[in-house]
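A short write-up of the structure that comes next.
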Amino acid sequence: MIFSSVSFLYYFLPAVIILYFAVPKRAKNLVLLIASLFFYFVGEPIYVLLMIGSSLSGYLHGLWIGAAKNKRLPVASSVIVGIGLLGFFKYSDFFISNINSLVGSDIGLLKLALPIGISFYTFQILSYTFDVGRGRADVQKNFVDFAAYVALFPQLIAGPIVRYTDIERELKTRTHSFENFGLGVRRFVLGLGKKVLIANTLAELGQTFLYSDEKTVLFCWLAAIAYTLQIYFDFSGYSDMAIGLGRMFGFRFPENFDHPFVSKSITEFWRRWHMTLGSWFRDYVYIPLGGNRVSKLKWVRNIFVVWFLTGFWHGAEWNFIVWGLLFGVLLLLEKLFLAKLLDRLPRFVRHIYVMFIIVISFVIFDASGMSQVITKLSDLFGISGLAFSNAITIYQLKNYAFVILIGAIGSTPLMPWLVEKLRDRFGKVLNVIEPVFLAALLLLVTGYLVDGSFNPFLYFRF
Amino acid sequence: MKDRTRNIIQTVGFLVLVIGIMIVNICLPDTELSVSERRKLKQFPLFNADTVTSGRFFTEFEDYALDQFVLRDTFRSFKALGRFNLLMQKDNNDIYLVDGSVYKLEYPLKPNMIVGAANKYNAMADMYLEGLNLYYTIVPDKNMFVAEKNGYPSLDYALIEKLMAENVKDMTYIGIYDKLTLDDYYRTDIHWAQENLFGVANHLLSSMGAEGNLKKEDFTAHTLSPFYGSYYGQSALAVKPDVLTYLTNDILDGCTLHDYQTGKDSPLYATELFGGMDSYDVFLSGAKALLSVTNPAVNNGKSLVVFRDSFGSSLVPLLAMEYEKVTLVDMRYIFPNMIGEYIDFSEYTDVLFMYNSIVLNNSAMLR
């Protein structure tokens, strides 16, 4: 089930809210757990058992780590089980097909369906066992509370990657208030609008481009820019919805995006994009490997390990690895000398540098395999002999120009800044307008959902 | 208003909306049909262990929930308004509006489909039509008059003619592009309006050796309104409806419409179908595989077979004015080898293939 569906919005969510607030405090986590398992069951009936098994493994490993004097063994065991399951379900066919290509063998592919959200909940469970192992988190002795943390439906399938320590306290006791719920509603509805009105609309352009026999260089750029905006509004919209839903139920989830397209360097971009993943790799991979407090060679190794894993986490294809390593190279160059060089350049040049890299990187990200990467990049730069433009390109440009403009402006901090400025001067008026605006937005989104069946979600495959 | 009050209003407003809509959706009885979309709506899916564990129940439930959503058409209007007025997009589900008329994008041109249509004409001719006078025409869809002019992707209608001419064997082409203008089509429907087809009908008749001398004043116009065409519902916007006009006179009143499927005879116009799923069905009772119109007032030895789509339904009454018998075959609804079981082609003198450009561009639908 996805948030931007009628089943979720007008059946699941209201039913869960009624149940959740009807039961006493001690039963609230149980309600959330049951609701979350049902939420997962709807999308993945069989794999719900895998998620329960993973939760049980994390829970038992937590107890083991708590009881063990030498915590390395149980922590290593939790990593083997977690990464083992992730590797089996997500990466088996990648390894098999590469072995087949390398040694000419004919090992059959497993063709396993990817369990939704496995990359997210595996990392959440590992954050728990790592932190218990390091003494940063207490062992959770209540399985319901622990499983509720792992399965919590607001962040189950697409993050943000909520570490156990982020909500450890809230799992025991949390505040339910109109403030929390009202602000949660705002965040949720705005996220829903980002997802349905912008991301889904731009996705239609992507589909039109994909099936068009009349591609041109300009159309390729239009599609690439639209995809870049789509993936931002898709993922950040989903994160907003998750954070908003969490807030309704009294949880404070970490932020996942901070207007990444205003960055002036790739280093800054990754401080603003999918922040919970970046910080997870920083805290659980990069720093344990020694971070930058090692020899230069090891430091370079650490950077590439992290960015190899970042790419690989996103998908079991070489283009994802190339995508991750591209950022590894760029970050390394920026750390070595490029950042100083960029600092001397005008601001707009630095923005252009970042956006050019990001757009190209998402072309690589969007490809299905390396051969398509080469084709797409050749098309983009006119190497494959495409015409520059044609009538259908101009039509699509006109059709989506305003959406792209809204997307471009909406991806900057301009609107939040403007709202805050207005709030300072006309706070009371804004407080009247806001609920009306949110209600109108919710109804408009509902219209989009009711009318159309085109509602893909990009991060499902992770 | 204080922040706290705003938060309370936001909380209560959200809960009222989502819980309220949930309750109404559960309580409202399900509907069978969507008149505006001209389709059956999804019903509550089968609920058992197999459908639940396979996930099929939940997938089908979402489809059901979308179809049975309270005030569905109103919500669809919200979306259309959002797309056109908020996001400034040029079309909504391929539907676009120009000067209060509704159009549906048809793009791109698929040459293989056009050639495929020509081949199906040829196969039909080889199978049944030897020795008859064979003609074909191309009915342009109304995009031809507005799409390109207004910046929308448009089919290359000249190329359709060229491809057909190159591939259709031993048939005479009767071009009607220049006999039509945008005003000859309904604003809310895909079709042309019967009262505007005298130019087309006379040109076709004279090209096929008949007189082609029909005059508007020889007919009585009857109107039915409001006519909400098929694009009206798809647009989900409050577009001004059309008026449906059908033409009669003593000769047409004396004609008989025979339906080969049911074996029943009826008048040419089924006015009782107006206001139903498709009001255009008034003309010759709508989509039928095999029909014939017998005109006892004509005795010129000429009879015609028209291979046609729904555009033929409103045109054929005019053609029937100068034929003893006109038989209509819709190649979308009957396999070629079945046609011979119902029709003896040796009884006819002329054959006209007339499909509109959209059918030609999607000729896989022809059997």
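Protein chains in written order, with this note's numbering: chain A, 1 to 462; chain B, 1001 to 1367.
Every residue, glycine too, gets a C-beta built ideally from N, C-alpha and C.
Predicted model, so just to flag it, every value in this text is computed and none were measured.
When only Cα atoms are considered, A/Asp-451 and B/Leu-1041 end up about 13 Å apart.
Restricting attention to B/Gly-1276, B/Ser-1285 and B/Glu-1322, the CA atom closest to the CA of B/Ala-1297 is found in B/Glu-1322. Under the Cβ distance rule, B/Gly-1013 counts among the residues neighbouring chain A, one pair being separated by less than 8 Å. By DSSP's assignment, B/Val-1329 forms a beta bridge with B/Leu-1290 and B/Phe-1307. Within chain A, no C-beta atom comes nearer than 8 Å to that of B/Leu-1163; the closest sits roughly 16 Å away. Per the C-alpha coordinates, the member of B/Glu-1161, B/Val-1012 and B/Ile-1358 positioned closest to A/Glu-179 is B/Val-1012.
Taking 8 Å as the cut-off, the Cβ atoms of A/Ile-404 and A/Ile-125 do not count as close. Membership of B/Thr-1181 in any alpha helix (DSSP H) is not indicated, and neither H nor E is assigned to it by DSSP. Per the Cβ contact rule, the segment 250-259 of chain A is not in contact with the segment 324-335 of chain A (fewer than 3 Cβ pairs under 8 Å). Counting along the chain, B/Leu-1352 sits inside the beta strand (DSSP E) bounded by residues 1350-1356.
DSSP assignment within the segment 1014-1084 of chain B yields no whole beta strand (DSSP E) run of 3 residues or more. For the 8 Å CB-CB criterion, A/Lys-194 and A/Gly-237 form a contact. At least one CB of chain B lies nearer than 8 Å to the CB of A/Tyr-448. Considering only beta carbons, the part of the segment 425-436 of chain A lying closer than 7 Å to chain B consists of Lys-428, Asn-431, Val-432, Glu-434 and Pro-435, in chain order. Between A/Arg-186 and chain B, the shortest Cβ-Cβ separation is below 8 Å. According to the DSSP assignment, B/Asp-1259 belongs to the beta strand (DSSP E) that extends over 1256-1259.
For a Cβ distance threshold of 8 Å, residue set Lys-1090 and Gly-1151 of chain B lies close to A/Lys-398, ordered along the chain. Between B/Leu-1318 and B/Leu-1284 the beta-carbon gap is near 12 Å, outside 8 Å, which marks them as no contact. Among the CB atoms of chain B, one or more fall inside 8 Å of the CB of A/Val-6. Inclusion of B/Asn-1143 and B/Leu-1155 in the CB contact set at 8 Å is warranted, their separation being smaller than that value.
Taking each of B/Ala-1210, B/Glu-1217, B/Asp-1003 and B/Arg-1039 in turn and checking the Cα distance to B/Gly-1301, the smallest one comes out for B/Ala-1210. Flagged as an interface residue toward chain A: B/Ala-1236, by a C-beta distance shorter than 8 Å. If you check each beta-carbon in the segment 1291-1304 of chain B against every beta-carbon of chain A, none falls closer than 9 Å. Membership of A/Asp-379 in the alpha helix (DSSP H) is indicated by the continuous run 370-380. With 16 or more other Cβ atoms inside 10 Å of its own Cβ, A/Phe-320 counts as buried.
Taking a cut-off of 8 Å on C-beta distances, the segment 296-305 of chain A does not touch the segment 337-350 of chain A, as fewer than three cross pairs fall below it. For B/Thr-1053, the neighbours in chain A by C-beta distance under 8 Å run, in chain order, Pro-45 and Ile-46. The beta-carbon distance between A/Leu-289 and A/Ile-161, rounded to whole angstroms, is 19 Å. This is too long to meet the 8 Å contact definition.
Using a C-beta cut-off of 8 Å, the segment 1146-1155 of chain B makes contact with the segment 390-403 of chain A, since at least three inter-stretch Cβ pairs fall below that distance.
For A/Leu-152, same chain residues with a beta-carbon under 7 Å away, outside a window of 5 residues either side, are Leu-32 and Ser-36 in chain order.
In this chain, the alpha helix (DSSP H) harbouring A/Thr-276 covers 275-281. Of all residues in the segment 1107-1126 of chain B, those with a C-beta nearer than 9 Å to a C-beta of chain A are Tyr-1107 and Pro-1108, reading in chain order. In terms of beta-carbon proximity, A/Gly-182 lines the interface with chain B, with at least one pair separated by less than 8 Å.
Nearest to A/Ala-147 by C-alpha distance, out of A/Tyr-59, A/Thr-175 and A/Arg-169, is A/Tyr-59.
For B/Asp-1094, not one C-beta of chain A is nearer than 8 Å to its own C-beta.
With contact defined as three or more Cβ pairs closer than 8 Å, the segment 195-207 of chain A and the segment 166-184 of chain A are not in contact.
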